[in-house]
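Trainee: In UniProt numbering, the protein residues as written are 1 to 431. Ideal placement from N, C-alpha and C gives every residue a C-beta, glycine not left out. This structure is in structure tokens; I'll ask about it shortly.
Spelled out as structure tokens, the structure:
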């Protein structure tokens, strides 16, 4: 009771005062904001952002990490691009320096190089090179070939007849009669004076210069396009519209290889100088390189956009030239397995292409634009345009010493171009 009396005289300090003392204990309700402080594990900046937007705190943390990761990734990408640009600029500078040094070297040693590599057929005009022009047949001519010694020339035409001509006077020696349909190609053996012909009658035939038939090769299911001898002279390759090319034993007539791989007509064929490889081209716009030991296609060369009609190996075996209906000639490096040069060579399709067979100093292309062109095989720049035909040029060949070129055309003429006895032969250069 005494205690109650002592407390009653001060009603204002009674329980209300205690209540006022408990009211300051309400601030512990503000503890949750204090509890939010440890949530952001990154830094104070993120904590401020989290305080301003409580609900999105955890999601914002994840997006911030993603943003930082993207920034690092973008920075690394920019650093890589900067290094790549720097490397490209350094390479360009180096190439310019090398070109300048090469140009200086050519200026200093120009006379020596001119003597080492002499380009035939460099004169003021193609008329000075035209040594003979002869009517070859009553119908358009389709193929031509020099003998290995350059003493004979073989031609064929749409009359299904092949002809042998003496060189350099271009006089008829004999006729090759036996095909029942138009002859599509003709070629001399590299080892003797035997001649092979291809025809739309689905056969290839072997002849001698006297016009005697030696063998017939049958097996293709459609007309033949081109024919080519193996460097050994023991084998003969044929291409056909049946989408295959085949290789035959010249003596026995036995079919040794039956090669499929092109999706359309196989048109051109060439053998590597060492005899280990063959190259074919066709209307599927592809060129293929084949290993003759395994019979497999080891390389497909893609780049032409239209059918490829002509193909030729360089004498050193490093390069392969192709030409076709896209009017371009492509030079392929077989070591790098890619195209080195793309030459916009003619105004119409390229019907045939041939390297000079001994040293490979020149490359010759024939075209339906009624011209043949001579190119330097060192840099593949034009040397000379051989103009004179009145219709499309269907075939071309180069004699072994590189001093004579023959072209045949649908104008039924044989034209022999020669640079022999040309006084300016020592001063040859490119146009």
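So, is residue 372 buried or exposed, given that buried needs 16 or more other C-beta atoms within 10 angstroms?
Mentor: By 1-based counting over the chain shown, the position of residue 372 is 372. Its Cβ being crowded by 16 or more others within 10 Å, residue 372 is buried.
Trainee: Quick check: what's the CA-CA separation for residue 285 versus residue 323?
Mentor: Your numbering for residue 285 matches position 285 in the chain shown. Your numbering for residue 323 matches position 323 in the chain shown. Cα to Cα, residue 285 sits roughly 10 Å from residue 323.
Trainee: Our contact map puts residue 415 next to residue 133 with C-beta atoms below 8 Å; I'd like the distance itself, whole angstroms only.
Mentor: By one-based count along the chain shown, residue 415 stands at place 415. By one-based count along the chain shown, residue 133 stands at place 133. Yes, they are in contact, since the Cβ atoms of residue 415 and residue 133 sit about 5 Å apart, within 8 Å.
Trainee: Mind checking who residue 215 pairs with in its DSSP beta bridge?
Mentor: Numbered from its first residue, the chain shown carries residue 215 at position 215. For residue 215, which the question treats as bridged, DSSP gives the partners 206.
Trainee: Output the boundary residues of the beta strand (DSSP E) element that contains residue 338.
Mentor: Along the chain shown, read from residue 1 onward, the residue named residue 338 stands at position 338. Here the beta strand (DSSP E) through residue 338 covers 338 to 343.
Trainee: Whether or not the stretch 197 to 206 and the stretch 175 to 182 are in contact is what I'm after, with contact meaning three or more pairs of Cβ atoms, one per stretch, closer than 8 Å; do they touch?
Mentor: Contact between the stretch 175 to 182 and the stretch 197 to 206 is present, because at least three Cβ pairs lie under 8 Å.
Trainee: Rank 252, 313, 184, 288 by C-alpha distance to the C-alpha of residue 259 and give the top, closest one.
Mentor: Locating residue 259 in the chain shown gives position 259, counting from the first residue. Closest by alpha carbon: 288.
Trainee: Quick one, which of 327, 341, 307 has its alpha-carbon nearest residue 320's?
Mentor: Residue numbering aside, residue 320 sits at position 320 when the chain shown is read from its first letter. Measuring from the Cα of residue 320, the nearest candidate turns out to be 341.
Trainee: In chain order, what residues of the same chain have a beta carbon less than 6 Å from the beta carbon of residue 374, not counting five sequence neighbours either side?
Mentor: As a first step, residue 374 must be located in the chain shown, where it is residue number 374. Answer for residue 374: 121, 362, 364, 383, 384, listed in chain order.
Trainee: How many Å lie between residue 164 and residue 392 at the Cα?
Mentor: By 1-based counting over the chain shown, the position of residue 164 is 164. By 1-based counting over the chain shown, the position of residue 392 is 392. For residue 164 and residue 392, the distance between alpha carbons rounds to 22 Å.
Trainee: Note the first and the last residue of the continuous beta strand (DSSP E) segment covering residue 258.
Mentor: Translated into the one-based positions of the chain shown, residue 258 becomes position 258. Looking at the DSSP string, the run of the beta strand (DSSP E) that includes residue 258 is 255 to 260.
Trainee: Quick one: Cα of residue 264 to Cα of residue 238, how far?
Mentor: The residue labelled residue 264 in the question sits at position 264 within the chain shown. The residue labelled residue 238 in the question sits at position 238 within the chain shown. Rounded to whole angstroms, residue 264 to residue 238 spans 15 Å at the Cα level.
Trainee: Please tell me whether residue 365 has its Cβ less than 8 Å away from any Cβ of chain B.
Mentor: Reference to chain B is not applicable here, since this structure consists of a single protein chain.
Trainee: Less than 7 Å between C-beta atoms, sequence neighbours within five positions excluded: which residues of the same chain meet that for residue 333?
Mentor: The count along the chain shown starts at 1 and reaches residue 333 at position 333. Around residue 333: 318, 319, 340.
Trainee: Let me know the secondary structure DSSP gives residue 86 once reduced to three states.
Mentor: The residue given as residue 86 occupies position 86 in the chain shown. Helix at residue 86.
Trainee: In this structure, does DSSP put residue 76 in helix, strand or coil?
Mentor: Here residue 76 refers to the residue found at position 76 of the chain shown. Looking at residue 76 - three-state DSSP - the assignment turns out to be helix.
Trainee: Given 7 Å as the limit, tell me if residue 147 has its C-beta closer than that to any heavy atom belonging to the ligand COA.
Mentor: As for the ligand COA, it is missing from this structure, which has no ligand bound.
Trainee: Specify, as a first and last residue, the run of the beta strand (DSSP E) that residue 267 falls within.
Mentor: Walking along the chain shown from the start, residue 267 turns up at place 267. That run of the beta strand (DSSP E) goes 266 to 271.
Trainee: Give the range of the beta strand (DSSP E) segment to which residue 433 is assigned.
Mentor: Outside the displayed span of the chain (1 to 431) sits residue 433, for which this structure offers no information.
Trainee: Taking C-alpha atoms, which residue in 175, 360, 249, 350 lies nearest to residue 216?
Mentor: Residue mapping note: residue 216 aligns to position 216 of the chain shown, counting from 1. When each option's Cα is compared against that of residue 216, the closest is 249.
Trainee: Between the alpha carbons of residue 357 and residue 222, how many angstroms are there, rounded?
Mentor: As a position in the chain shown, residue 357 is number 357, starting the count at 1. As a position in the chain shown, residue 222 is number 222, starting the count at 1. For residue 357 and residue 222, the distance between alpha carbons rounds to 31 Å.
Trainee: Taking a contact to mean a Cβ-Cβ separation below 8 Å, would you say residue 209 touches residue 143 in this structure?
Mentor: Stepping through the chain shown from its first residue, residue 209 is reached at position 209. Stepping through the chain shown from its first residue, residue 143 is reached at position 143. Not closer than 8 Å, so no.
Trainee: Take residue 325 and list the residues in its own chain whose beta-carbon comes closer than 6 Å to its own, dropping the five residues that flank it on each side.
Mentor: The residue given as residue 325 occupies position 325 in the chain shown. Cβ neighbours of residue 325 beyond the five flanking positions: 306, 307, 349.
Trainee: When the Cα atoms are used, what is the spatial distance from residue 366 to residue 246?
Mentor: Residue mapping note: residue 366 aligns to position 366 of the chain shown, counting from 1. Residue mapping note: residue 246 aligns to position 246 of the chain shown, counting from 1. The alpha-carbon atoms of residue 366 and residue 246 are separated by roughly 25 Å.
Trainee: Distance, Cα to Cα, residue 79 vs residue 66?
Mentor: Your numbering for residue 79 matches position 79 in the chain shown. Your numbering for residue 66 matches position 66 in the chain shown. Distance between the alpha carbons of residue 79 and residue 66 is about 20 Å.
Trainee: Under the three-state reduction of DSSP, which class applies to residue 152: helix, strand or coil?
Mentor: Start at 1 with the first residue of the chain shown, and residue 152 comes out as number 152. Residue 152: strand per DSSP, three-state reduction.
Trainee: In the DSSP assignment, find the beta strand (DSSP E) that holds residue 313 and state where it starts and stops.
Mentor: For the purposes of this step, residue 313 is taken as residue 313 along the chain shown, with counting starting at 1. Residue 313 -> beta strand (DSSP E) spans 308 to 313.
Trainee: Could you tell me which of 168, 297, 336, 330 sits nearest to residue 436, measuring between CA atoms?
Mentor: Since the displayed the chain opens at 1 and closes at 431, residue 436 lies outside it and no answer follows.
Trainee: Specify the secondary structure class of residue 175 as computed by DSSP and reduced to three states.
Mentor: As a position in the chain shown, residue 175 is number 175, starting the count at 1. Note: residue 175 maps to strand in three-state DSSP.
Trainee: Looking at the strands, I want to know which residues DSSP matches up with residue 246.
Mentor: What you label residue 246 is simply residue 246 of the chain shown in a count that begins at 1. DSSP lists 238, 258 as partners of residue 246.
Trainee: Check the C-beta distance from residue 228 over to residue 241 and give it rounded, since I have them as a contact under 8 Å.
Mentor: Here residue 228 refers to the residue found at position 228 when the chain shown is read from its first residue. Here residue 241 refers to the residue found at position 241 when the chain shown is read from its first residue. Going by Cβ atoms, the distance from residue 228 to residue 241 rounds to 16 Å, so no, they are not a contact pair.
Trainee: On the CB-based measure, 16 or more other CB atoms within 10 Å of its CB, does residue 355 come out buried or exposed?
Mentor: Here residue 355 is taken as the residue at index 355 of the chain shown, counted from 1. Looking at its Cβ environment, which holds 16 or more other Cβ atoms inside 10 Å, residue 355 is buried.
Trainee: Quick check on residue 252: buried or exposed, where buried means 16 or more other Cβ atoms within 10 Å of its Cβ?
Mentor: For this step, residue 252 is matched to residue 252 along the chain shown. Exposed: under 16 other Cβ atoms inside 10 Å.
Trainee: For residue 135, count the other beta carbons within 10 Å of its own beta carbon; 16 or more makes it buried, fewer makes it exposed. Which is it?
Mentor: The residue given as residue 135 occupies position 135 in the chain shown. The residue is exposed, with fewer than 16 neighbouring Cβ atoms inside 10 Å.
Trainee: For residue 64, name the three-state secondary structure that DSSP assigns.
Mentor: Indexing the chain shown from 1 puts residue 64 at position 64. Note: residue 64 maps to helix in three-state DSSP.
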